[in-house]
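Report on one structure; see the data block that follows.
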Amino acid sequence: MTDTASLLLNWYDKHHRILPWRITPAEQARGMAPDPYRVWLSEVMLQQTTVEAVKAYFNKFTSQWPDISALAGASQDDILRAWAGLGYYSRARNLKACADKIMAGHGGVFPRELAGLRALPGIGDYTAAAIAAIAFNLPHAVVDGNVERVVSRLFCLTTPLPAAKAEIRIRTQGITPAERPGDFAQSMMDLGATICTPKRPSCFLCPLNEHCLALKNDEPQRLPLKAPKAEKPLRTGMAFVAISENSRVYLQKRPEKGLLGGMSEVPNYFAPGADKADLSRAPFATDWRYQGDITHVFTHFTLVLAIYRADNLPEHSDTGGWWVAVDKLKGEALPTVIKKAVAQVLPTAFNNTERKPADRNA
DNA sequence: TAAACGTGGTC
DNA sequence: TGACCAAGTTT
Numbered sequence: 001m002t003d004t005a006s007l008l009l010n011w012y013d014k015h016h017r018i019l020p021w022r023i024t025p026a027e028q029a030r031g032m033a034p035d036p037y038r039v040w041l042s043e044v045m046l047q048q049t050t051v052e053a054v055k056a057y058f059n060k061f062t063s064q065w066p067d068i069s070a071l072a073g074a075s076q077d078d079i080l081r082a083w084a085g086l087g088y089y090s091r092a093r094n095l096k097a098c099a100d101k102i103m104a105g106h107g108g109v110f111p112r113e114l115a116g117l118r119a120l121p122g123i124g125d126y127t128a129a130a131i132a133a134i135a136f137n138l139p140h141a142v143v144d145g146n147v148e149r150v151v152s153r154l155f156c157l158t159t160p161l162p163a164a165k166a167e168i169r170i171r172t173q174g175i176t177p178a179e180r181p182g183d184f185a186q187s188m189m190d191l192g193a194t195i196c197t198p199k200r201p202s203c204f205l206c207p208l209n210e211h212c213l214a215l216k217n218d219e220p221q222r223l224p225l226k227a228p229k230a231e232k233p234l235r236t237g238m239a240f241v242a243i244s245e246n247s248r249v250y251l252q253k254r255p256e257k258g259l260l261g262g263m264s265e266v267p268n269y270f271a272p273g274a275d276k277a278d279l280s281r282a283p284f285a286t287d288w289r290y291q292g293d294i295t296h297v298f299t300h301f302t303l304v305l306a307i308y309r310a311d312n313l314p315e316h317s318d319t320g321g322w323w324v325a326v327d328k329l330k331g332e333a334l335p336t337v338i339k340k341a342v343a344q345v346l347p348t349a350f351n352n353t354e355r356k357p358a359d360r361n362a
């Protein structure tokens, strides 16, 4: 084992984070083993998503669907409803497809080989290696954004990302130990998340500070270098909140693929440079009233929607959608941008009505 | 290879 | 306060 791996594992034994999906080194010593289902679920949820955002969703999913069989028994719509708000909804669609494939093609058991994992929907290079290392203790190089940052600094690699990925992978493989590769992978990610942070790294606390070439040669916070990002264009449009004579809201389903694929929505239209007052874009003709704009920032564009409202509509059923009571909207598969649009008209629609015990007598 | 694909938090 | 960032994958 390299000095680096040894130092990092010792640091991890003392300073590892406690996370709902994690088996700690002490628990492993007592014979507990990671559940591949929980490792997989957490890794998919954590793709481009913060630990804090994932915790509640992970707990909800594992309560509702404790194993791969239970998850495969759920419908895609069930899963999208539970995933709503977490973003990158293709992950939820692939989660269902992956569960189905494991049940139908692998006897309900996760493959242990990297290639078998890599072939499953929603599992790419990172997630395949992470599952193999964490769940099966196989010494694969697990390279996520944290590891890219740690390794770039440790070896002072000055090629900008993403071109540097190949070299980072080789360097990571070179320091990955045959013993405890799962803990090693998690130690690299914990180090990146808590010490070797993007902006002001705490190098004085770092177990690798005497080995870090960026710290020796340079300012580590400058690394990794990254290629410049494309500018974010603006799209404009309209969203239509239709309320029936029974105080229900009109929803429809988005196409299965692409932006917010498979999720539910209120009728809307947007495009670069689109008119925000073109009522021919409404799902049906009625007395639409303008309620102000909302702005929502996606990864690759900014969206400004003019919100329109109509009331006391008959609950027609000939336009492909359905009507949902306001107090049931929380349970629908609505992405955040659509919740914003609805909340512009119905500000309390998504309020948390749960009360903490202490509030009950207040 | 580059673009599509969400959201919420931080400084 | 807008830009950047977070355990990436797919096409």
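In full-length UniProt numbering, the protein residues as written are 1 to 362. Where is the CB? At the ideal position from N, CA and C, for every residue including glycine. Here the structure is a predicted model, which is why all the values come from computation and not from measurement.
| query | result |
| --- | --- |
| Straight-line Cα distance separating residue 138 from residue 70 | 27 Å |
| Sub-8 Å separation of residue 199 and residue 238 beta-carbons | no |
| Check whether residue 190 and residue 9 have beta carbons under 8 Å apart | no |
| Neighbourhood of residue 319 by C-beta distance below 7 Å, restricted to the same chain and skipping five residues each side | 283, 284 |
| Among 45, 91, 104, 153, the one whose alpha carbon lies nearest that of residue 73 | 104 |
| Simplified DSSP assignment, three categories, for residue 77 | helix |
| Cut-off 6 Å between Cβ atoms - residues of its own chain near residue 97, not counting five sequence neighbours on either side | 121 |
| Whether residue 152 touches residue 224 by CB criterion (8 Å) | yes |
| Closest residue to residue 154 among 263, 167, 313 (Cα-Cα distance) | 167 |
| Euclidean distance between Cα positions of residue 45 and residue 99 | 14 Å |
| Proximity test, residue 218 beta-carbon vs the ligand MG heavy atom, cut-off 7 Å | For the structure depicted, the ligand MG is absent and the ligand set is empty, with no information on it obtainable. |
| Contacts around residue 172, its chain only, beta-carbon distance under 7 Å, and the 5 residues preceding and following it disregarded | 141, 143, 147, 151 |
| Residue range of the unbroken beta strand (DSSP E) whose run includes residue 195 | Residue 195 -> no beta strand (DSSP E), and no H or E assigned at all. |
| CB of residue 242 within 8 Å of CB of residue 313, strictly | yes |
| Cβ separation of residue 107 and residue 149, assumed to be a contact under 8 Å, to the nearest whole Å | Residue 107 to residue 149, Cβ: 39 Å. No contact. |
| Backbone CA spacing between residue 321 and residue 261 [nearest angstrom] | 16 Å |
| Helix, strand or coil at residue 45 [DSSP, three-state] | helix |
| Buried/exposed call for residue 335, threshold 16 Cβ in 10 Å | buried |
| Residues that DSSP places opposite residue 296 in a beta bridge | 303 |
| Local conformation of residue 346 per DSSP, three classes | coil |
| Touch test, the segment 129 to 136 against the segment 34 to 50, Cβ-Cβ under 8 Å, three pairs minimum | yes |
| Simplified DSSP state of residue 6, which is helix, strand or coil | helix |
| Identity of the residues DSSP links to residue 290 by a beta bridge | 308 |
| Under the three-state DSSP convention, the category residue 354 falls into | Because residue 354 sits at a pLDDT of 48, beneath the cut-off of 50, its placement in the model cannot be relied upon, and the following sentence gives the value as read from the coordinates. Looking at residue 354 - three-state DSSP - the assignment turns out to be coil, as it is neither helix nor strand. |
| Distance, residue 77 Cα to residue 253 Cα | 10 Å |
| Helix, strand or coil at residue 18 [DSSP, three-state] | coil |
| Buried versus exposed call for residue 32 [16 or more other C-beta atoms within 10 Å across all chains shown] | exposed |
| Candidates 25, 216, 251, 125, of which the one nearest residue 331 by Cα | 251 |
| Opening and closing residue of the beta strand (DSSP E) in which residue 248 lies | 248 to 253 |
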